[in-house]
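Asks: Sending over a structure as structure tokens; questions will come in a sec.
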Amino acid sequence: MRGIGRFRGLCVAVVGCVLLAGGGTADAPWAQPPAPGKAAATFSAPQPPDGQWLVDPGGREYYVIRVPRREGAYAWVSEDHTRVRLVHGLEWDVVSYSDDHFHVKVYRALDQAPPTVRRRQPTAEDLERTAAAYRPEVTAGAGLTLSGFGAGLPQRGQWRNGFDVADVNGDGHLDIVFGPARKQVRRLPTIFLGDGAGAWKPWSTARFQALPYDYGDAKVADLNGDGIPDLVLASHLRGVVALIADRGGRFTAWSQGLEFSGSATGQQPVFSSRAIALADWNGDGRPDILVLGEGPTPASRPAPGAPPEFRPGSRGVVVYLNGGDGTWKKVGPGASRNFGSSIAVADFDRDGRLDFATGSDAWGFTTLLNLGQADGTWKATVIPALRPNALYRAVASADFDGDSRPDLAVSFVTRDHGVFRVGIDVLLNRAGGWERKTIGVVEGRAALFGLATGDLDGDGRADLVGVDGDGSLWIFRGDGAGGFTREPVLGVKPGEQCQGYGIRLIDLDRDGADEIVVSFAEDLAADGPLSKGPSCPSEGSLQAWKVARKQSAGR
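Per our numbering, the very first residue in the sequence shown carries number 9; after that it's consecutive.
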């Protein structure tokens, strides 16, 4: 790590003059050099304060400075957050960023003239080495036939992000619990009652206390110990609310100490989330709430032509401890720049205390594992086996190799030699450390937002399914020893090209094998890489499928 020093009024060759302040340390480089033609005509050549130049993969020399991050005074130029536009329209390559500052690159001037991009073209060895790092370690299956198991589920509307499956009304059949669909007029939670045979209907007599709910996540547990399933809902920008149920289907708030606001852009924003988990964190026999922050939030509606303004938003993880009487005690968040929409809870280090892993919407963030401590806090831990420069959208946990240690599956987006890839790595939790196994990769940017584990064929071995930005299912049958067979989907075209979000594998008909439940959403009015226009005319749906047993028998 190299010192950066303190600067003011520095004229930078690549982008012109701008006031810079601060200090810190240089992080590992990963951004690309600026595009040709962006340099200023004249300049003074900056030098690193310690005289030490770093070198990027393209052979360009640079050093790193820290620039204050002021909300409303910057805009991301690239969707992967590798390039940012600051004051006066100046653009910088980003090494890393936090709530308070950016670390950006200052490139070395060549012969006192505007620097040009001198990218070293990858050699055949470079390309082979990169290809080897993404080569899937799976066998090819003959395919699985899926049949519809979702009659009565909505075929329109933005059903995102997460949901839960549980027997909410006590009739012995599993139900699907959702917060409001995004952008719907009547913003109330929805419970789809199942009959155990693939038919569903909304629970029309359920009653919810009037609150400003919104889309996000939903989880079910008996919060107050009366034997009746209760709900916890995370609402985008608004926070978290707990609802206890009576036997008549009436749900009322039980939320003293939880953060929930009637305004999505209030002056005092709450800790908000689109990914929650319920688990007995402190071992007192009551389910507690783990909440992953959803990240930057809009400060206000911008004027026409003006850049949007953002608050840093909710970062890291908060645990709300269940007092058993409708009160909750907040623990955390710890210092973290992380935010995202996926969380998995397990005892990863097998010390008898729960831990959790999260996805991340911060590029290059690898501190996904958090180990529970005896005092009720948690220790953020880097998994060395993770790819260092990636975006990890989703996580899921199961024992894939039969050693009684919870393993971890992660979905990733990377960029190497200008090529974007998305895929799934399985991190096997070995006694001597984590071992990475790649099981699926394609070129492109249609990230997998959802991962789920379960048993699709009833053989007692953990399987894995993901859903990507094109609505496709990635299905992997596990062999119980850490190996996988990838199964093409036969008979249906999941998702209609809509973005997949939530996914669960669960035995809906009690036959010993899990079905697949997936939520989809797409905003046709949005302007961005995930807006696919007429390819998703329904804007989303909620779907369930059954795997044909005859296709999945045997190994």
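Each residue gets a CB set at the ideal place from its N, CA and C atoms; glycine is no exception.
Count the other CB atoms within 10 Å of the CB of Arg16; is the residue buried (16 or more) or exposed (fewer)?
Replies: Position 8 of the sequence shown, counted from the first residue, corresponds to residue 16. Note that Arg16 scores 30 on pLDDT, short of 50, meaning its location in the model is unreliable; the coordinates nonetheless yield the value given after this. Exposed, because fewer than 16 other Cβ atoms sit within 10 Å of the Cβ of Arg16.
Asks: Let me confirm a value: Ser212 is counted as buried when at least 16 other C-beta atoms fall within 10 Å, else exposed. Which label applies?
Replies: Translated into the one-based positions of the sequence shown, residue 212 becomes position 204. So Ser212 counts as exposed.
Asks: Residues in its own chain within less than 7 Å of Asp172 by CB, not counting five upstream and five downstream?
Replies: Reading the sequence shown from its first residue, position 164 is the one you call residue 172. Here the set comprises Val185, Ala226, Lys227, Val228.
Asks: When DSSP labels each residue in this structure, what does Thr305 get in the three-state scheme?
Replies: Within the sequence shown, numbered from 1, the residue matching residue 305 stands at position 297. Of the three classes helix, strand and coil, the one that applies to Thr305 here is strand, per DSSP.
Asks: Give me the Cα-Cα distance between Asp531 and Ile252, rounded to the nearest whole angstrom.
Replies: Within the sequence shown, the letter at position 523 stands for residue 531. Within the sequence shown, the letter at position 244 stands for residue 252. Using only the alpha carbons, I get a separation of about 32 Å.
Asks: What first and last residue would you give for the alpha helix (DSSP H) that runs through Thr138?
Replies: Indexing the sequence shown from 1 puts residue 138 at position 130. 132 to 141 is the span of the alpha helix (DSSP H), which, as asked, contains Thr138.
Asks: Can you tell me which of the three DSSP states Ser412 falls into?
Replies: For the purposes of this step, residue 412 is taken as the residue at position 404 of the sequence shown. If DSSP states are grouped into helix, strand and coil, Ser412 belongs with coil.
Asks: At the level of alpha carbons, what is the spacing between Arg294 and Leu98?
Replies: Within the sequence shown, residue 294 is the residue found at index 286, counting from 1. Within the sequence shown, residue 98 is the residue found at index 90, counting from 1. Roughly 53 Å separates the two Cα atoms.
Asks: Any idea if His244 is buried or exposed, counting beta-carbon neighbours within 10 angstroms, 16 or more meaning buried?
Replies: To locate residue 244, count along the sequence shown from 1; it is residue 236. Classification for His244: buried.
Asks: Between Ser368 and the rest of its own chain, which residues show a CB-CB distance below 6 Å, the 5 nearest in sequence each way excluded?
Replies: The sequence position of residue 368 within the sequence shown is 360, counting from 1. Excluding residues within five positions, the ones whose Cβ falls inside 6 Å are Asn346, Gly348, Tyr400.
Asks: Does DSSP put Leu196 in a helix, a strand or coil?
Replies: Here residue 196 refers to the residue found at position 188 of the sequence shown. Coil.
Asks: Can you tell me the Cα-Cα spacing of Tyr82 and Phe373, whole angstroms?
Replies: By 1-based counting over the sequence shown, the position of residue 82 is 74. By 1-based counting over the sequence shown, the position of residue 373 is 365. Near 21 Å, if we compare the C-alpha coordinates of Phe373 and Tyr82.
Asks: What separation, rounded to the nearest whole angstrom, lies between the Cα atoms of Val430 and Gly256?
Replies: Translated into positions along the sequence shown, residue 430 becomes position 422. Translated into positions along the sequence shown, residue 256 becomes position 248. Distance between the alpha carbons of Val430 and Gly256: 46 Å.
Asks: Using only alpha-carbon positions, find the residue among His181, Leu196, Val193, Lys191 that is nearest to Ala205.
Replies: Stepping through the sequence shown from its first residue, residue 205 is reached at position 197. Ranking the options by Cα distance to Ala205, first place goes to His181.
Asks: Quick check on DSSP: helix, strand or coil for Ser269?
Replies: Counted from its first residue, the sequence shown places residue 269 at position 261. Ser269 falls in the coil class under three-state DSSP.
Asks: State whether the region 447 to 456 contacts the region 150 to 170, with contact taken as three or more CB pairs (one from each stretch) at a distance under 8 Å.
Replies: Taking 8 Å as the limit for Cβ pairs, the verdict is that the region 150 to 170 does not touch the region 447 to 456.
Asks: Go ahead and pull the three-state DSSP assignment for Gln217.
Replies: The residue you call residue 217 lines up with position 209 of the sequence shown. Three-state result, Gln217: coil.
Asks: Nearest-angstrom Cα distance between Leu416 and Ala406?
Replies: For this step, residue 416 is matched to residue 408 along the sequence shown. For this step, residue 406 is matched to residue 398 along the sequence shown. Approximately 7 Å, taken between the alpha carbons.
Asks: Does DSSP classify Glu530 as helix, strand or coil?
Replies: The residue you call residue 530 lines up with position 522 of the sequence shown. Glu530 falls in the coil class under three-state DSSP.
Asks: Use the C-beta contact count for Trp208: other C-beta atoms within 10 angstroms, 16 or more gives buried, fewer gives exposed.
Replies: Start at 1 with the first residue of the sequence shown, and residue 208 comes out as number 200. Answer is buried; the Cβ neighbour count reaches 16.
Asks: List the endpoints of the continuous beta strand (DSSP E) containing Asp471.
Replies: Start at 1 with the first residue of the sequence shown, and residue 471 comes out as number 463. Residues 471 to 476.
Asks: So if DSSP puts Ala388 in a beta bridge, which residue, or which two residues, is it bridged to?
Replies: Translated into the one-based positions of the sequence shown, residue 388 becomes position 380. Per DSSP, Asn378.
Asks: Give me the DSSP bridge partner(s) of Gly224.
Replies: Counting from 1 along the sequence shown, the entry for residue 224 is found at position 216. Looking at the DSSP assignment, Gly224 forms a beta bridge with Asn169, Ser243.
Asks: Give the secondary structure of Pro210 by DSSP, where H, G and I count as helix, E and B as strand, and everything else as coil.
Replies: Here the question's residue 210 lines up with position 202 in the sequence shown. Reduced to three states, the DSSP call for Pro210 is strand.
Asks: Please report the straight-line C-alpha distance between Arg258 and Phe216, rounded to a whole angstrom.
Replies: Position 250 of the sequence shown, counted from the start, is the residue given in the question as residue 258. Position 208 of the sequence shown, counted from the start, is the residue given in the question as residue 216. Approximately 6 Å between the Cα atoms of the pair.
Asks: If the criterion is Cβ atoms closer than 7 Å, does the pair Val102 and Val92 meet it?
Replies: The residue you call residue 102 lines up with position 94 of the sequence shown. The residue you call residue 92 lines up with position 84 of the sequence shown. Cβ atoms of Val102 and Val92: closer than 7 Å.
Asks: For the beta strand (DSSP E) containing Gly462, list its first residue and its last residue.
Replies: Counting from 1 along the sequence shown, the entry for residue 462 is found at position 454. Its beta strand (DSSP E) spans residues 456 to 462.
Asks: For Asp433, is the classification buried or exposed, using 16 other Cβ atoms within 10 angstroms of its Cβ as the cut-off for buried?
Replies: As a position in the sequence shown, residue 433 is number 425, starting the count at 1. It counts as buried.
Asks: Short check: CB of Val353 to CB of Pro341, under 7 Å?
Replies: By 1-based counting over the sequence shown, the position of residue 353 is 345. By 1-based counting over the sequence shown, the position of residue 341 is 333. No, the Cβ-Cβ distance between Val353 and Pro341 is not below 7 Å.
Asks: Take the Cβ of Pro496 as the centre, count every other Cβ of all protein chains shown within 10 Å, and call the residue buried at 16 or more, exposed below.
Replies: Your numbering for residue 496 matches position 488 in the sequence shown. Exposed, because fewer than 16 other Cβ atoms sit within 10 Å of the Cβ of Pro496.
Asks: Return helix, strand or coil for Ser543, following the three-state DSSP convention.
Replies: The sequence position of residue 543 within the sequence shown is 535, counting from 1. If DSSP states are grouped into helix, strand and coil, Ser543 belongs with the helices.
Asks: Under 8 Å by Cβ, that's how I've got Gly508 and Gly479 pegged, so tell me the actual separation to the nearest angstrom.
Replies: Against the sequence shown, residue 508 aligns to sequence position 500. Against the sequence shown, residue 479 aligns to sequence position 471. Right, their Cβ atoms sit about 6 Å apart.
Asks: Counting Cβ pairs, one atom from each stretch, are 3 or more of them under 8 Å apart for the region 159 to 171 and the region 137 to 145?
Replies: No, because fewer than three Cβ pairs between the region 159 to 171 and the region 137 to 145 fall closer than 8 Å, the two stretches do not touch.
Asks: Enumerate in chain order the residues of its own chain whose CB-to-CB distance from Asp409 is below 7 Å, with the five nearest sequence positions on each side excluded.
Replies: Translated into positions along the sequence shown, residue 409 becomes position 401. Excluding positions up to five away in sequence, the list reads Asp415, Leu436, Ala489, Gly490.
Asks: Within 10 angstroms of the Cβ of Gly3, are there 16 or more other Cβ atoms? Answer buried if so, exposed if not.
Replies: The shown model of the chain, from 9 to 563, leaves out residue 3, and the question about it has no answer.
Asks: On the CB-based measure, 16 or more other CB atoms within 10 Å of its CB, does His425 come out buried or exposed?
Replies: Translated into the one-based positions of the sequence shown, residue 425 becomes position 417. Exposed: under 16 other Cβ atoms inside 10 Å.
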